[in-house]
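Novice: All residue numbers for the sequence shown refer to our numbering, where the first residue is 1 and numbers rise by one.
Before we start, here is the structure in question, set down as structure tokens.
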Amino acid sequence: MLARLESFPLFVVLLGVAAVSMLAPAVIGYISRDLFEARVFFYLAILLSFLTAMIGLAARKKGQGISARAQLLTLLAAYALLPVVFAVPFYEALRTTTFVNAYFEMVSAFTTTGATVFDVPERLSAPLHLWCAQVAWMGGLFIWITAIAVLSPMNLGGFEVSNTQEAAQRAANLSQFSKSTAPAKRLARHAVQLTPIYVGLTAVMALILILAGDTPLVAVTHAMGVISTSGISAVGGVENANSGFVGEFVLLLFMVFALSRLTFSNDFRARNGAGLMQDPEMRLAAVVIIAIPVVLFLRHWFGAFEVNSEENFAAAVRAIWGSVFTVVSFLTTTGYESSGWSSAQNWSGLSSPGLILMGLALLGGGVATTAGGVKLLRVYALYKHGLREMTRLVHPNSVSGAAGGARHIRREGAFIAWIFFMLFALSLAFIMLALSWSGLTFETSMALSVAALSTTGPLANVATDAPIAYSGLPNTAKMILSAAMVLGRLETLAIIALLNPEFWRS
């Protein structure tokens, strides 16, 4: 079966997966008696399956090599064109929105951004809620597989910073890699390895949430929203779920899988010999998760001591928990807000700590995870380089040796990380200018640009004093944000790599 799939182009395989995935909302629609939505998804699943079979028979090329350029172009096409396919059943089933809104919703879901134009959850039926969460869930699995199977051999997606034993070989053998048939086999092999883990984690999380009191739909959407870091919810957020503190605690535990790839894969651990506790991404994440809630908690006495009504043990516990959960959620670019976050704001005296959450979203999660942002490994490389430069100011002739996690950072890793950071900043400035040209204010443009490039859609609700409604944006701004979400998911270096002349040489 896998051998046959390897002979089809990746985009055709993705179309087939999209067709099969439409059956789940059709079944849910039948069970919930949303029969019109069920028929739409079922009929379109049959139609898309037929079209995919025809395209697959015409495009099948057994034994044909796949170039690096073709792989990157396929990834770009997947994030730009597949949402059109996903948007068709959504648009036909809803019937009360425009296709631009449907396309924006599906781009947001497939890039695991989680921005939605439907501010009222009741506007969507159960099949549509499931479809949005399911598309985001598939987008998370897609980045899990392609990050290691496609971006890793090209030293992209954060792998350009790491110093694994294969890093130099990947760079030296890029031309040979581009002419081989290994990519299809690598995609199939990693899909077989990672899909059961991804499905199993989602199923376990959903089951625990159901036992904690959530309805099956809410439990499944929240489980999919966490494992894919999309932050999609069928009830407007986890603070509105029935599972309460238990549910938030379960979601927090599973957010760890977006902080480091070592939490769900042994490939890096086997090559580098590094355990989870020695992983620089996990260590940096632990510092951030501990430091920010502590600062917010202590600010109650240093800056907001006049709030006497909150000085009790229960309020202190709610404030600490609300800070920890929300910090981890935005650090992993999930975007869920704890029910205790309002208590944390009252305790610290910060009415709208949007800049803190924006900074966390920009920082991002781990390399080759579903999280977006700059990525923790790049930040760690810049941090270690900064420490080394300060040491040289005192001891100009000193010789430094790497130890621990620093040994897995390439010598030029900080330089490459700095280039990516500058490209990220330039992209942010460009998107802000484009949104301002579409008629948005500077503050709104900045918040939406950060939310799109870091793939943290719910950030728009908390980044400014007043929540920003995606439904009120003009169509021009929605299309700009759609392009920004694709850019943030695929990353600027991968786009620039397409301009490399070596990739276009046959």
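In this text, a Cβ means the ideal position worked out from N, Cα and C, and glycines have one as well.
For S348, write down the residues that DSSP places opposite it in a beta bridge.
Specialist: Its beta-bridge partners do not exist; DSSP assigns none.
Novice: Helix, strand or coil: how does DSSP classify S162 here?
Specialist: It is a strand residue.
Novice: Sorted by chain position, which residues of the same chain lie with C-beta nearer than 6 Å to R269's C-beta, five sequence neighbours on each side aside?
Specialist: At R269 the pLDDT is 48, less than 50, meaning the model places this residue with poor confidence; the figure from the coordinates comes in the next sentence. Correct list, in chain order: L262.
Novice: Would you tell me roughly how many angstroms separate the C-alpha atoms of P216 and T111, rounded to the nearest one?
Specialist: Computed Cα separation, rounded: 24 Å.
Novice: How about F99 and Y91: do their beta carbons lie closer than 8 Å?
Specialist: Yes, they are a contact pair.
Novice: Quick check on R33: buried or exposed, where buried means 16 or more other Cβ atoms within 10 Å of its Cβ?
Specialist: Its Cβ having fewer than 16 others within 10 Å, R33 is exposed.
Novice: Just to confirm my understanding: we take A381, look at its own chain, exclude 5 residues before and 5 after, and list those with CB closer than 6 Å. What are they?
Specialist: V161, I409, G413, A414 and A417.
Novice: With burial defined as no fewer than 16 other Cβ atoms inside 10 Å of the residue's Cβ, what is the status of E337: buried or exposed?
Specialist: E337 is buried by the Cβ-count criterion.
Novice: Look at G457 and G231 and say whether their C-beta atoms are less than 8 Å apart.
Specialist: Contact flag set, yes.
Novice: Can you check whether the CB of L76 is closer than 8 Å to the CB of L490?
Specialist: Yes, the pair counts as a contact, with Cβ atoms nearer than the cut-off.
Novice: According to DSSP, is G114 helix, strand or coil?
Specialist: Coil at G114, not helix or strand.
Novice: Could you tell me which of A80, P153 and V192 sits nearest to V486, measuring between CA atoms?
Specialist: It is A80.
Novice: Are there three or more Cβ pairs, one per stretch, closer than 8 Å when the segment 355-368 is compared with the segment 386-395?
Specialist: The answer is no - the segment 386-395 does not touch the segment 355-368, with fewer than three Cβ pairs under 8 Å.
Novice: Could you tell me the distance, in whole angstroms, from the CA atom of L174 to the CA atom of M432?
Specialist: Low local confidence applies: a pLDDT of 43 at L174 is under 50, so the model's placement there is unreliable, with the coordinate-based value given in what follows. Cα to Cα, L174 sits roughly 35 Å from M432.
Novice: Between A234 and the rest of its own chain, which residues show a CB-CB distance below 7 Å, the 5 nearest in sequence each way excluded?
Specialist: For A234, where only same-chain residues beyond five positions count, the Cβ hits under 7 Å are P121, H129, L217, V218 and T221.
Novice: Given this structure, state the Cα-to-Cα distance separating E239 from N397, to the nearest angstrom.
Specialist: Taking the straight line joining both Cα atoms gives about 55 Å.
Novice: What is the rounded straight-line gap between the Cα of P25 and the Cα of L187?
Specialist: C-alpha separation (whole angstroms): 27 Å.
Novice: Helix or strand or just coil, what does DSSP make of M154?
Specialist: If DSSP states are grouped into helix, strand and coil, M154 belongs with coil.
Novice: Please determine, among V192, P353, S228 and R189, the residue with the shortest C-alpha to C-alpha distance to M205.
Specialist: The residue with the shortest Cα to Cα distance from M205 is S228.
Novice: Is DSSP giving G366 helix, strand or coil here?
Specialist: In the structure shown, G366 sits in coil (DSSP, three-state: anything other than H, G, I, E or B).
Novice: The alpha helix (DSSP H) spanning T476 covers which residue range?
Specialist: Counting along the chain, the alpha helix (DSSP H) containing T476 begins and ends at N475 to L490.
Novice: Measure the beta-carbon distance from A136 to G114 and round it to whole angstroms, keeping in mind my assumption that it falls under 8 Å.
Specialist: About 7 Å separates the two Cβ atoms, so the contact holds.
Novice: Please report the straight-line C-alpha distance between T326 and S343, rounded to a whole angstrom.
Specialist: For T326 and S343, the distance between alpha carbons rounds to 12 Å.
Novice: Which same chain residues, not among the five before or five after I495, have their C-beta less than 8 Å away from its C-beta?
Specialist: Only L76 and L487 meet the Cβ criterion.
Novice: Among G472, V462 and G56, whose alpha-carbon lies nearest the alpha-carbon of G439?
Specialist: For G439, the nearest C-alpha among the options comes from G472.
Novice: Kindly list the residues whose CB is nearer than 8 Å to the CB of A319, restricted to its own chain and excluding five residues on each side of it in sequence; keep chain order.
Specialist: Correct list, in chain order: L296, F297, H300, E310, G340, S343, A344, N346, W347 and S348.
Novice: Quick check: L331 and A285, are their CB atoms within less than 8 Å of each other?
Specialist: Cβ distance < 8 Å, so L331 and A285 count as in contact.
Novice: Give the single residue among F420, L481 and F257 whose Cα lies nearest to the Cα of T444.
Specialist: The residue with the shortest Cα to Cα distance from T444 is L481.
Novice: Return the CA-CA distance between E281 and A371, expressed in angstroms with no decimal places.
Specialist: Near 12 Å, if we compare the C-alpha coordinates of A371 and E281.
Novice: How close, in whole Å, do the beta carbons of N461 and P467 come, if the pair is a contact with beta carbons under 8 Å?
Specialist: 4 Å between Cβ atoms; contact.
Novice: Excluding the 5 residues preceding and the 5 following I210 in the sequence, name in chain order all residues of the same chain whose CB lies nearer than 8 Å to its CB.
Specialist: Here the set comprises P216 and A219.
Novice: Mind checking if H129 is an interface residue toward chain D, Cβ cutoff 8 Å exclusive?
Specialist: The structure shown has no chain D; it contains just one protein chain.
Novice: In three-state terms, what does DSSP make of V13?
Specialist: Three-state result, V13: helix.
Novice: Do T333 and G354 have their C-beta atoms closer together than 8 Å?
Specialist: Not a contact, by the Cβ cut-off of 8 Å.
Novice: Whose C-alpha, out of W131, G244 and L151, is nearest the C-alpha of A87?
Specialist: Looking at the Cα atoms, W131 is the closest of the given residues.
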